[in-house]
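**Student:** Protein chains in written order, with my numbering: chain Z, 194 to 262; chain A, 275 to 427.
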């Protein structure tokens, strides 16, 4: 059975994205936002971009930096 | 005197304070009773007309106020000139230093630490997953390292 712990949109995936995008010092806020039943990972990422005005951070190292150079 | 007359019944108390049943004032000097009764009738009529002219005050007391409806969490901001992150220490706009003194408290920081620590066991367990991203592992390591001293940014 595949491990879905970090599947896109899962709670732990949300924690990863929010904690790395908002900063570790905002861990509590990140966990609270991760509990929101987002309609999709895209909606969640749009929210993160909206409040940080930066690309979403987190995820595997291969896609950790999404910004184009 | 008729003993069973209403005015002779001690238990028969008029709401207006008089002994009669009509509600009219009695017992004042000659001519003043009718004047008081007329003013009472006029006053009651005036109050009734005011109430009839403003029915909204009887139902919804806020009906006449121009209040914007409450939005949902994902609605666009009602104050587009101010960043949504104004007052918090990330994102655009002023940070927490811009908040009034009454809003400055370490209670939120304490709550922040409490929430993070309460979920630390589950977060640590998930970090052992083979699919756990390195960024997630770094975050959990940060929580573990700060679990004793607290998270203070």
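Just so you know, even glycine gets a beta-carbon here, dropped at the ideal spot from N, CA and C.
(1) Out of curiosity, what's the CA-to-CA distance linking residue 406 of chain A and residue 400 of chain A?
(2) Output needed for residue 227 of chain Z: all residues of its chain with C-beta closer than 7 Å, excluding positions within five of it in sequence on either side, in chain order.
(3) Please state whether DSSP places residue 229 of chain Z in a helix, a strand or coil.
(4) So, for residue 313 of chain A: in the same chain, excluding its five sequence neighbours on each side, which residues have a beta-carbon less than 7 Å away from its beta-carbon?
(5) Can you confirm whether residue 387 of chain A, when its beta carbon is compared against all beta carbons of chain Z, has any partner nearer than 8 Å?
(6) Please report the distance separating the alpha-carbon of residue 303 of chain A from that of residue 327 of chain A.
(7) Helix, strand or coil for residue 204 of chain Z, going by three-state DSSP, please let me know.
(8) In chain A, which residues lie with their C-beta within 7 Å of the C-beta of residue 216 of chain Z?
(9) Which residues in the same chain as residue 213 of chain Z place their Cβ atom closer than 7 Å to its Cβ, once the five residues preceding and following it in sequence are excluded?
(10) Can a CB atom of chain A be found closer than 8 Å to the CB of residue 219 of chain Z?
(11) Between residue 235 of chain Z and residue 365 of chain A, which are expected to be in contact by the criterion C-beta below 8 Å, what is the C-beta distance as a whole number of angstroms?
(12) Can you list, in chain order, the residues of the stretch 196-211 of chain Z whose Cβ is nearer than 8 Å to any Cβ on chain A?
(13) What's the C-alpha gap between residue 221 of chain Z and residue 374 of chain A?
(14) For residue 324 of chain A, does the count of other Cβ atoms within 10 angstroms reach 16, so buried, or fall short, so exposed?
(15) For the stretch 391-409 of chain A, which residues have a CB atom closer than 8 Å to at least one CB atom of chain Z, in sequence order?
(16) Under 8 Å, Cβ to Cβ, is there at least one residue of chain Z near residue 373 of chain A?
(17) Since residue 235 of chain Z meets chain A, which of its residues come closer than 7 Å, beta carbon to beta carbon?
(18) Would you say residue 418 of chain A lies against chain Z (beta-carbon separation less than 8 Å)?
**Tutor:** Taking the coordinates as given:
(1) Rounded to the nearest whole angstrom, the CA to CA distance from residue 406 of chain A to residue 400 of chain A is 7 Å.
(2) So the list reads 204, 207, 208 and 211, once near-sequence residues are dropped.
(3) The answer is coil: DSSP assigns residue 229 of chain Z none of H, G, I, E or B.
(4) Hits under 7 Å: none found.
(5) Closer than 8 Å: yes.
(6) If I take the Cα positions, the gap works out to 36 Å.
(7) The DSSP-derived three-state label of residue 204 of chain Z is helix.
(8) The answer, in chain order, is 364.
(9) Around residue 213 of chain Z: 250 and 251.
(10) By this cut-off, residue 219 of chain Z is an interface position.
(11) That belief does not hold up - the Cβ atoms of residue 235 of chain Z and residue 365 of chain A are roughly 20 Å apart, past 8 Å.
(12) Of all residues in the stretch 196-211 of chain Z, 196, 198, 199, 205, 208 and 209 have a Cβ within less than 8 Å of some Cβ in chain A.
(13) Taking the straight line joining both Cα atoms gives about 23 Å.
(14) Looking at its Cβ environment, which holds fewer than 16 other Cβ atoms inside 10 Å, residue 324 of chain A is exposed.
(15) With the criterion set as a beta carbon lying under 8 Å from some beta carbon of chain Z, the members of the stretch 391-409 of chain A are 393, 397, 400, 403, 404, 405, 406, 407, 408 and 409, in sequence order.
(16) Residue 373 of chain A is outside the set of residues whose beta carbon lies under 8 Å from a beta carbon in chain Z.
(17) At a beta-carbon threshold of 7 Å, none of the residues of chain A lie near residue 235 of chain Z; the nearest stands roughly 13 Å away.
(18) Not a single C-beta of chain Z is nearer than 8 Å to the C-beta of residue 418 of chain A.
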